[in-house]
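Residue numbers (this note's numbering): 34 to 1140.
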């Protein structure tokens, strides 16, 4: 209120000096602060205020015009006064609550006219003028059309300067709605048009996406001016930097896209088609290439509305004639465009027209493959291969076959040109780079090594400038980050150690220059002396003097840091050699300085983690600000919320610096506290002795869950795991002793429902149990490589202990599931039945998962498998524990692949497990106790069961009896389920499709019918089954189940009809087929009617088919 009254009084005095003094006194130089003051004015008061301020502005402008000889000091006073008026004006215009007083608009128009005439010394004032006028447009204030012309002129001037920023370019782009108001035909706009033409070749515009958009939005506004700009672009192609040229494509396309239909036609014929024509007929190889780069962008927009039709229309009078021209250069130039534009289609035409058009293009390629010019034949080969790779689905098989035949039988043996023969075999041009990178990221090491031979020099050309190298690496990281990681894992094999070190320093230098440039852009506060320079070697040029400066996004910076880590890790063993110590010392010196700058600049957790890992490669004394804090940082992390990304870098670095013992002591201390319970205080006395080197005496809350996360990371990270097994076995054994207490806690948890753990819960218990098993296996497997005798026995004993404990403690939870509610409440006073079963399933899943890993390394004997099979059987007893079926089947697959062909006893036991599983599944399915859950379990196990059957088939083909047993068991299960369904009247007609069969039967058949060899064997065994077990079908329901199965199989297109016909003919002639008299008898009428219906259906499908 006070400031408002003071402002009103000062404005009434019409004294600009008092206004300046007042605003300096209030220290309110921002329009946001004055916006609140002005919002308290009524409409009438605001108009009176601006009437007075207009008078001040008018007097200042009149004085400015009449005082050409005024001193610099007086001019500065005028500029300060105008700046104060601009602040108040901006505050008024920005506000959504205030209307624009006429006096304010009048003053703005006066200042707008003054904008371009102000001297360069008043740059800040001119910038504030422009921002005010821009606000008129962004806020859509009335009268904005009077303050746009000079504003656009000013912004073009500013953006044409070499030091222009992205921010000023975005300001110009925000005024795009004012572009249509430019008076292109008025002589007063000539200066602005000249600026626009200058922008077409300006790095300030062409290097920024917004700059390209601005130009593309202005060009179509006046067709005459568009012609002028088109000529400017054509003439400049030979002089502008080559990276500008592809940017003209988006400019032309945007101009075409934003035009109306009439203007589009003129742009097409006057500009785009002119580029096409010159790309075919222009003299000069480089000019033709540049024109192709422009038109290539439009080719890539074919999916945009109207583009495909436009290309078809513009190429029609040019391309086809040029492909047949007498001049081979014209034909070659046309060919490049043809390949890039393929397929040329006309969406407005009919199907037949487009088919004919496509066939004409295939015919053109046929002719070009046999062109008398070798260069044309060579380029056509590469183009055809590229097209076959990209459009193979739309190309007829006959055309593909013709092309491949021509390539292999004719052109691969072209005696007249080595270039043609090479093109047939060229790999890089045939396979798109995206495909290569995808394979590099996912394929095996041998394949990755072969791909690296092809792409290394393309992404890291050591013979090019460092700028080119960085541009290529940025492209690699942007295209496929995972492929980039694999690339750098293999890159040192193609470089010398010195080259790898130089490249690491180059990446570091780029990041530091980005930091420096960013700070320069803000406040010019960073000094060049902060850049680390290695003055004692040839690395100085890469680190300090090479002008490699890029505006890096966060993902690129992380990619650079990740690349540094990978390269350093790969070459690290080489630093152990005395001859390479100098290189290591140079890296240490550079990064000891660089890391401090980066750590201050980068606050992102992902970037900081990478920096911490790099720090771990330096001697700890060079980075004291990190080496003294790693353990304390780990100790301060949250017990429950911390994730791997929060501590992985810290743990790796801690291990690198030889501080693993302190970390292990911390883990052991927290685990000891985590095992404490209120019911069993005796556990407190079993804590292991503390380390004498590192102690944690502070009274802090223990974090046992975090300790388990740390421990899991240590045993999973290869370097940490190797260090742990080699130097800290005694520590890990001490931790293992603490983890063993989890068995006691789990026993209490499962028997009396213990929940009162001081610092632990079910999640902790499960994780501790998992790690207890895993570390036991890890320790003994690690020792096994040194001593083959006795260790296997120890391992066998360990597995026996795990299985026996699970059998005695976990399995009873499943067995008690049918107990009375009273007994359950008594046994699990604080826990529900479902929670106990789920918890027990999770424990067994951990055991089976680690058992599977154990099976990958060691062969088991009958005793071990018997223990496992007992556990498996217990899990088959109810639908809840059956959720473990996928991992159980995975274990069976591994056992089968190792033992099935050699150990008959294990074969029998595996078959018994398989038989018990299918019997249990059928029993659960027929009881219908929890069908949705059972369905989910079966679906999740389908792939694993398919792999199991395939493995049994593969390892049992020479022992037909064993394979036959498994398939006979499958048939028994299917027929049993169908027979039961028939007895319950669940199926009483002919099936209408393959999916009509019952749940478990459908699951098994879907698995078998995925693979032809299993289908054929299944039908063979079905035939054998009907021959060898005729008593199985004496019951009508049992015979009906067989007929129902046969009718169901007939619905599958994959079923072998000849085998089905032979089987059906045998059944009709066998003793199991009931006589017509028996079927006509009056007993069991329902099932007999079903049998008759199925017999009729089978006769129609199989007997008629045979005829």
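For every residue, glycine included, the Cβ atom is placed at its ideal position computed from N, Cα and C.
* Asked: Nearest to residue 93 by alpha carbon, out of 108, 441, 593, 1018?
  -> What you label residue 93 is simply residue 60 of the chain shown in a count that begins at 1. Ranking the options by Cα distance to residue 93, first place goes to 108.
* Asked: Excluding sequence positions up to five away, which residues of its chain have a Cβ less than 7 Å from the Cβ of residue 842?
  -> Against the chain shown, residue 842 aligns to sequence position 809. Beyond the five residues adjoining it in sequence on each side, residue 842 comes within less than 7 Å, by CB distance, of 779, 780, 783 in the same chain, given in chain order.
* Proximity to residue 215 [Cα-Cα], best of 252, 202, 231 -> Counting from one through the chain shown, the residue named residue 215 turns up at place 182. The residue among 252, 202, 231 with its C-alpha nearest the C-alpha of residue 215 is 252.
* Pick helix, strand or coil for residue 648, following the three-state DSSP scheme. => As a working mapping, residue 648 is identified with position 615 in the chain shown. Helix.
* Taking buried to mean at least 16 other C-beta atoms within 10 Å of its own C-beta, is residue 468 buried or exposed? -> Residue mapping note: residue 468 aligns to position 435 of the chain shown, counting from 1. By the beta-carbon neighbour count (other beta carbons within 10 angstroms, threshold 16), residue 468 is exposed.
* Please list, in chain order, all residues of the same chain as residue 1058 whose beta carbon is under 7 Å from its beta carbon, the five residues on each side excluded. => As a first step, residue 1058 is located in the chain shown; it is residue number 1025 there, counting from the start. In chain order, 1001, 1004 place their CB closer than 7 Å to the CB of residue 1058, counting only its own chain and leaving out the 5 sequence neighbours on each side.
* From residue 179 to residue 142, what distance separates their C-alpha atoms? -> Stepping through the chain shown from its first residue, residue 179 is reached at position 146. Stepping through the chain shown from its first residue, residue 142 is reached at position 109. A direct Cα-to-Cα measurement between residue 179 and residue 142 gives close to 7 Å.
* To do: Report all residues from its chain with a CB closer than 6 Å to the CB of residue 144; omit the five preceding and five following residues, and keep chain order.
  => Translated into the one-based positions of the chain shown, residue 144 becomes position 111. Once the five neighbours on either side are set aside, the close Cβ partners of residue 144 are 162.
* Any idea if residue 480 is buried or exposed, counting beta-carbon neighbours within 10 angstroms, 16 or more meaning buried? -> To locate residue 480, count along the chain shown from 1; it is residue 447. Exposed is the label assigned to residue 480, since fewer than 16 other Cβ atoms lie within 10 Å of its Cβ.
* Asked: Among 191, 230, 197, 171, which has the Cα closest to the Cα of residue 210?
  -> Locating residue 210 in the chain shown gives position 177, where the first residue counts as 1. Among 191, 230, 197, 171, the Cα nearest to that of residue 210 belongs to 171.
* Who are the Cβ neighbours of residue 754 in its own chain at under 8 Å, not counting the five residues just before and after it? -> Position 721 of the chain shown, counting from 1, holds the residue named residue 754. Excluding sequence positions up to five before and after residue 754, its CB lies within less than 8 Å of the CB of 747, 748, 811, all in the same chain and listed in chain order.
* Asked: Exposed or buried, which one is residue 1010 when buried takes at least 16 other CB atoms within 10 Å?
  -> Along the chain shown, one-based indexing puts residue 1010 at 977. Result: buried.
* To do: Tell me, please, whether the segment 270-285 touches the segment 313-325 by the rule of three or more beta-carbon pairs shorter than 8 Å.
  => Contact between the segment 270-285 and the segment 313-325 is present, because at least three Cβ pairs lie under 8 Å.
* Stretch-stretch touch, CB-based, cutoff 8 Å, three pairs: the segment 920-927 with the segment 961-968 -> Taking 8 Å as the limit for Cβ pairs, the verdict is that the segment 961-968 does not touch the segment 920-927.
* From 649, 116, 656, 413, residue whose alpha carbon lies closest to that of residue 1168 -> This structure cannot speak to residue 1168, because the chain is shown only from 34 to 1140.
* Per the contact definition of three or more C-beta pairs closer than 8 Å, is the segment 325-334 in contact with the segment 377-390? -> Counting Cβ pairs under 8 Å, fewer than three are found: no touch.
* To do: Using three-state DSSP, classify residue 864 as helix, strand or coil.
  => On the chain shown, position 831 is the one that residue 864 refers to. Since pLDDT at residue 864 reaches only 49, below the 50 mark, its modelled position is unreliable, and the value read off the structure follows with that caveat. If DSSP states are grouped into helix, strand and coil, residue 864 belongs with coil.
* State buried or exposed for residue 1133, treating a residue as buried only when at least 16 other CB atoms are found within 10 Å of its CB. => Translated into the one-based positions of the chain shown, residue 1133 becomes position 1100. Under the 10 Å beta carbon count, residue 1133 is surrounded by fewer than 16 other beta carbons and is classified as exposed.
* So does the segment 260-267 actually touch the segment 296-307, counting three or more Cβ pairs closer than 8 Å? -> Enough Cβ pairs lie closer than 8 Å, so yes.
* To do: Could you tell me the distance, in whole angstroms, from the CA atom of residue 420 to the CA atom of residue 387?
  => In the chain shown, residue 420 corresponds to position 387, counting from 1. In the chain shown, residue 387 corresponds to position 354, counting from 1. Spanning the two alpha carbons is a distance of roughly 17 Å.
* To do: State the Cα-Cα distance for the pair residue 55 and residue 41, rounded to the nearest angstrom.
  => By 1-based counting over the chain shown, the position of residue 55 is 22. By 1-based counting over the chain shown, the position of residue 41 is 8. Those two C-alpha atoms are separated by around 11 Å.
* Spatial neighbours of residue 1013 within its chain, please: CB distance less than 7 Å, with the 5 preceding and 5 following residues excluded, ordered by chain position. => The residue labelled residue 1013 in the question sits at position 980 within the chain shown. Around residue 1013: 959.
* **residue 619, buried or exposed, once every other Cβ within 10 Å from all chains shown has been counted against 16** => As a first step, residue 619 must be located in the chain shown, where it is residue number 586. By the neighbour-count criterion, in which a residue is buried when 16 or more other Cβ atoms sit within 10 angstroms of its Cβ, residue 619 is buried.
* Cα-Cα separation between residue 77 and residue 203, rounded to whole angstroms -> Within the chain shown, numbered from 1, the residue matching residue 77 stands at position 44. Within the chain shown, numbered from 1, the residue matching residue 203 stands at position 170. Cα to Cα, the separation comes out at about 36 Å.
* To do: Could you say which of 901, 1074, 1045, 892 lies nearest to residue 840 if we only look at CA atoms?
  => What you label residue 840 is simply residue 807 of the chain shown in a count that begins at 1. Of the listed residues, the one whose Cα sits closest to residue 840 is 901.
* Short check: CB of residue 243 to CB of residue 206, under 7 Å? -> Residue mapping note: residue 243 aligns to position 210 of the chain shown, counting from 1. Residue mapping note: residue 206 aligns to position 173 of the chain shown, counting from 1. Less than 7 Å divides the Cβ of residue 243 from the Cβ of residue 206.
* Asked: So, helix, strand or coil for residue 315, using DSSP?
  -> Mapped onto the chain shown, residue 315 falls at position 282. Here residue 315 sits in coil by DSSP.
* Using DSSP with H/G/I as helix, E/B as strand and the rest coil, what is residue 151? -> Reading the chain shown from its first residue, position 118 is the one you call residue 151. Coil at residue 151, not helix or strand.
* Over the uninterrupted alpha helix (DSSP H) stretch that includes residue 128, give me the two end residues. => Position 95 of the chain shown, counted from the first residue, corresponds to residue 128. Residue 128: not part of any alpha helix (DSSP H); DSSP gives it neither H nor E.
* Buried or exposed: where does residue 937 fall if 16 or more other Cβ atoms within 10 Å of its Cβ makes it buried? -> Counting from one through the chain shown, the residue named residue 937 turns up at place 904. Here residue 937 is exposed: its Cβ has fewer than 16 other Cβ atoms, across all protein chains shown, within 10 Å.
* residue 883 beta carbon less than 7 Å from that of residue 807 -> To locate residue 807, count along the chain shown from 1; it is residue 774. To locate residue 883, count along the chain shown from 1; it is residue 850. When the beta-carbon positions are compared, residue 807 and residue 883 come within less than 7 Å of each other.
* **Nearest neighbour of residue 708, chosen from 741, 974, 920, 435 [CA to CA]** => Locating residue 708 in the chain shown gives position 675, counting from the first residue. The shortest Cα separation from residue 708 among 741, 974, 920, 435 belongs to 741.
* Asked: What are the boundary residues of the alpha helix (DSSP H) that includes residue 345?
  -> Taking the first residue of the chain shown as 1, we reach residue 345 at position 312. It spans 340-348 - the alpha helix (DSSP H) in which residue 345 sits, taken as one unbroken run.
* Nearest neighbour of residue 950, chosen from 903, 969, 980, 930 [CA to CA] -> Taking the first residue of the chain shown as 1, we reach residue 950 at position 917. Minimum Cα distance to residue 950 is reached at 903.
* Classify residue 890 as buried or exposed, calling it buried when 16 or more other Cβ atoms lie within 10 Å of its own Cβ. => Mapped onto the chain shown, residue 890 falls at position 857. Burial check for residue 890: the Cβ neighbour count within 10 Å stays below 16, so the residue is exposed.
* To do: Counting only runs of 4+ residues fully inside the segment 1024-1104, write out the alpha helix (DSSP H) ranges in chain order.
  => As far as the segment 1024-1104 is concerned, its whole alpha helix (DSSP H) runs of at least 4 residues are 1032-1041, 1045-1061, 1069-1082, 1090-1102.
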